[in-house]
Amino acid sequence: MDWLTDPWQFEFMRRALLAGALVAMASSVVGAFVVIKGLAFLTDAVAHTSLAGAAIAFLSGGGSIAISLGAAVAAGATAVGVSVLTRARIREDTAIGILFAALFAFGVLLISRARNYTLELSSFLIGNILTVPTDDIIVMAVLSSVVVVVMIIFYREMLFVAYDPTMAAAAGVPVALVQTGLMVLVALAAVAAFRLVGVALVMAMLVATAATAALVVRRVPLIMLLGAAFGVLSVIIGLYASFHADVAAGPAIVVTSALFFLVVFTLSPRGLAPSLRKVFAR
Amino acid sequence: MVPAIEVKSLTTGYRGHRAIEDVSFSLPQGQVMGLLGPNGSGKSTLIKALVGLLDPWEGDVCVLGGSPREARRQIGYMPQAEDIDWNFPVTVREVVAMGLYRRALGLDRFRRGSEEKDRIMTALKRLSVDHLADRQAGELSGGQQRRVLCARALVRDPDLFLLDEPTAGLDARSEQEMIDLLGELAADGASIVFCTHDIGCAAECCDLTLFLNRQVVTYGPPATTITAEMLNRTFEGHALVMGAEGSRLALSPHEHDDSRRGHEHGRG
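Taken in sequence, the protein lines are chains P and Y.
For the record, in the first sequence the residue sitting at position 255 is 255 according to our numbering, with numbers rising by one throughout.
For the record, in the second sequence the residue sitting at position 25 is 307 according to our numbering, with numbers rising by one throughout.
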């Protein structure tokens with residue numbers, strides 16, 4: 001049974017597990033709304049645009065905290081920008097598309113000035129969970145806690161606005177503020193996840209676990225809890241795979257969470273069987 | 283006693299499109315008012331202006347003696363069932379709990395006593411859907427979904443109900459139950475405004491009917507307003523009068539077929 005306990009003798013593995021668990025919780029809490037409201041594209045966009053802020057901080061010689069702060073600012077700005085553009089009668093996917101491409105390109109452009117261009121870029125793109133310094137873990141813990149606490153406090157408003165914005169507005173909920181707030185939470189969760197699995201795979205952390213949970217339970221708080229459980233399990237299994245098979249940890253975590261989805265989808269009464277019937281129905 | 287609703291020369295709409303113009307009427311408290319008109323005539327717009335979702339461009343809206351925003355907690359609003367995402371994973375109980383929403387800061391936010399639970403169950407019982415409390419809202423039939431939305435509107439015991447098509451899509455029996463409920467609520471002293479396409483239903487249960495076609499065509503007790511001439515002027519010749527007695531009137535099926543498209547046009 002050594003293979004079960006071996007990995008945790010190393011401090012970098014224990015850190016990675018802690019970081020991963022924190023991120024999984026924050027991801028599934030916002031992920032539930034991302035999946036229900038179809039915000040996956042927005043999530044992917046804020047993750048990628050966070051690169052611009054991270055790159056600015058990185059090139060100015062900032063440390064982990066500065067890089068995460070820069071990423072959070074850029075991601076938050078994207079979320080607010082999409083919210084503003086959408087209210088100016090631009091379709092949401094168009095608004096996201098413009099900001100996504102522009103800011104991601106800007107981020108890559110900045111990093112291309114760095115001396116170890118490809119090395120730095122790949123660490124941003126696919127993450128470096130096994131080498132996260134303590135500072136990064138603190139940042140992830142703070143971001144994740146903020147996301148979870150804000151969601152608990154404003155859960156009623158979030159649910160009401162997501163379900164029925166018209167009635168929510170009539171009841172006096174500041175709908176635009178709550179919708180923007182949700183996008184900002186998505187951005188913060190994305191930044192927390194980006195140090196773990198990298199810019200390119202953030203979307204999987206936020207979408208896959210909540211989507212898996214949504215196949216099993218049909219209430220938002222339960223989707224959040226079960227999603228967190230799937231997330232933490234994916235992190236654990238991914239880290240084992242990384243340790244024993246010597247593969248990159250971030251992608252291993254993401255592939256595991258996708259496999260969870262596949263298994264649950266196949267077994268779920270709302271999953272594979274009825275979908276196949278629909279696809280092949282005449 | 284202040285009127286439940288006092289609207290003076292109201293003009294409003296969406297994004298530069300004038301949906302209703304120069305609408306004036308007054309509804310005394312405890313009365314049931316039916317709002318009738320073709321699709322795109324501004325019924326939902328008027329309801330939204332009364333709830334405070336749309337501000338007047340011109341004119342004035344006074345609800346229970348104050349602005350719609352001031353009166354918010356005394357209003358029970360029921361949006362059209364079509365406006366709601368029925369795939370959303372919520373239980374019936376959670377939907378009705380939204381009707382109890384109040385702004386609160388600090389620890390007060392987390393106080394959800396047994397009182398709230400009781401109110402939710404009372405509202406569900408009143409609509410005879412209490413046995414569905416823990417079901418997914420999306421799994422219910424159209425009629426049950428409308429009852430749930432109605433339970434959400436009445437869970438706070440409001441003084442004024444603003445109901446957007448509460449009887450649309452209901453079978454005859456459910457429709458009659460809904461009409462009886464509106465009667466009970468009015469007997470308890472509540473004022474009610476509801477939009478409907480069903481002229482027969484309006485003739486039967488309303489104290490007052492308002493015919494709207496972007497402007498007020500006519501307003502008064504059903505006996506004086508539901509006439510062939512007014513129907514023609516409101517529906518521009520598309521209403522089919524089934525009986526001449528005034529109580530058994532219905533729209534042509536053509537009208538119902540167009541309801542979805544017309545609704546979107548109305549909001550556009």
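Built from N, CA and C at the ideal position, the CB exists for glycine as well.
Integer-rounded CB distance, given that residue j should sit under 8 Å from residue i
i	j	result
L445(Y)	F476(Y)	4 Å
L490(Y)	Y501(Y)	7 Å
V147(P)	A189(P)	5 Å
E553(Y)	T404(Y)	Because chain Y in this structure spans residues 283 to 550, residue 553(Y) falls outside the shown range and cannot be described.
L467(Y)	A286(Y)	Not quite, the Cβ-Cβ distance comes to about 13 Å (not below 8 Å), so this is no contact.
L69(P)	A77(P)	Going by Cβ atoms, the distance from L69(P) to A77(P) rounds to 12 Å, so no, they are not a contact pair.
L436(Y)	R455(Y)	Rounded, the Cβ-Cβ distance is 20 Å, inconsistent with contact.
T478(Y)	L318(Y)	7 Å
G231(P)	S28(P)	5 Å
A204(P)	A258(P)	7 Å
G334(Y)	A301(Y)	With a Cβ gap of about 16 Å, G334(Y) and A301(Y) do not count as contacting.
K290(Y)	D342(Y)	4 Å
Straight-line gap, residue i to residue j (C-alpha atoms, nearest Å)
i	j	result
R429(Y)	A379(Y)	14 Å
R218(P)	V372(Y)	7 Å
L332(Y)	V305(Y)	12 Å
V207(P)	S275(P)	20 Å
V202(P)	F104(P)	14 Å
A52(P)	A21(P)	26 Å
R297(Y)	G465(Y)	37 Å
R438(Y)	R384(Y)	10 Å
Y163(P)	V178(P)	12 Å
A469(Y)	A170(P)	25 Å
I366(Y)	A419(Y)	11 Å
L414(Y)	L406(Y)	8 Å
G97(P)	A187(P)	16 Å
S64(P)	L222(P)	34 Å
S144(P)	S60(P)	26 Å
L166(P)	L226(P)	Checking the sequence, you will find Thr at residue 166(P) rather than Leu. Cα-Cα distance, rounded: 29 Å.
A24(P)	M460(Y)	47 Å
T266(P)	A281(P)	18 Å
K278(P)	P269(P)	14 Å
G328(Y)	E288(Y)	Reading the sequence as shown, one finds Leu at residue 328(Y) and not Gly. Distance between the alpha carbons of L328(Y) and E288(Y): 12 Å.
A55(P)	T134(P)	20 Å
I137(P)	G198(P)	15 Å
A485(Y)	I402(Y)	32 Å
S122(P)	D400(Y)	57 Å
A102(P)	E303(Y)	44 Å
R87(P)	V80(P)	11 Å
Q497(Y)	P440(Y)	28 Å
V73(P)	Y117(P)	23 Å
N128(P)	V247(P)	12 Å
V264(P)	T209(P)	11 Å
Spatially closest choice to residue i from the options, by CA coordinates
i	options	result
D44(P)	T266(P), T256(P), A193(P)	A193(P)
V175(P)	A208(P), L188(P), L185(P), E157(P)	E157(P)
M1(P)	Y240(P), A248(P), L69(P), K278(P)	Y240(P)
I252(P)	V264(P), I236(P), M183(P), T131(P)	Rather than Ile, the amino acid found at residue 252(P) in this sequence is Ala. With distances taken between Cα atoms, A252(P) lies closest to I236(P).
V374(Y)	G348(Y), V411(Y), M315(Y), V498(Y)	V411(Y)
T49(P)	L110(P), L196(P), V279(P), T266(P)	L110(P)
M315(Y)	R515(Y), D416(Y), C483(Y), S396(Y)	C483(Y)
L42(P)	T94(P), W3(P), A229(P)	T94(P)
A386(Y)	L4(P), Y155(P), A228(P), A229(P)	Y155(P)
V150(P)	F261(P), S112(P), S83(P), G181(P)	G181(P)
I152(P)	A26(P), I129(P), M13(P)	A26(P)
G312(Y)	E352(Y), Q356(Y), F493(Y), G471(Y)	G471(Y)
V284(Y)	F493(Y), L346(Y), V499(Y), P320(Y)	L346(Y)
F307(Y)	L494(Y), I508(Y), Q458(Y)	L494(Y)
V161(P)	K37(P), I129(P), G238(P), R115(P)	K37(P)
V220(P)	V377(Y), D480(Y), E364(Y)	V377(Y)
I302(P)	P7(P), V255(P), F124(P)	Only positions 1 to 282 of chain P appear in the structure, and residue 302(P) is not among them; the question remains open.
A168(P)	V498(Y), E447(Y), R355(Y), G322(Y)	R355(Y)
W8(P)	V254(P), F243(P), V247(P)	F243(P)
T509(Y)	R496(Y), Q497(Y), I481(Y)	I481(Y)
F12(P)	A249(P), V263(P), T118(P), A74(P)	A249(P)
L18(P)	L130(P), V184(P), G271(P), L262(P)	L130(P)
L382(Y)	E398(Y), W368(Y), F370(Y), N369(Y)	E398(Y)
The ligand FMN heavy atom lying under 7 Å from the CB of residue i
i	result
A77(P)	In terms of ligand content, the structure shown is empty, and the ligand FMN therefore cannot be addressed.
Closer than 9 Å at the beta carbon, the chain A residues around residue i
i	result
V220(P)	Note that chain A does not occur in the displayed structure, where the protein chains are P and Y.
Item checked: Positions along the stretch 88-113 of chain P whose CB lies within less than 7 Å of some CB in chain Y -> none
Notebook entry, point to check: Does the stretch 203-222 of chain P touch the stretch 14-34 of chain P, meaning 3 or more C-beta pairs lie closer than 8 Å?
Noted result: yes
Checklist line | Sufficient close CB pairs (3 or more, under 8 Å) joining the stretch 353-360 of chain Y to the stretch 420-438 of chain Y | finding: yes
Note to self: Any contact between the stretch 419-428 of chain Y and the stretch 451-467 of chain Y? By contact I mean 3 or more CB pairs, one from each, below 8 Å.
What the structure shows: yes
Checklist line | the stretch 331-344 of chain Y: positions lying closer than 8 Å to chain P by Cβ | finding: V333, G334, L335
Checklist line | Short-range partners of chain Y found in the stretch 219-252 of chain P, where Cβ spacing is below 8 Å | finding: R219, V220, I223
Check: Taking any Cβ of chain Y, which residues in the stretch 163-176 of chain P have a Cβ under 8 Å from it, in chain order?
Finding: Y163, D164, T166, M167, A168, A169, A170, A171, G172, V173
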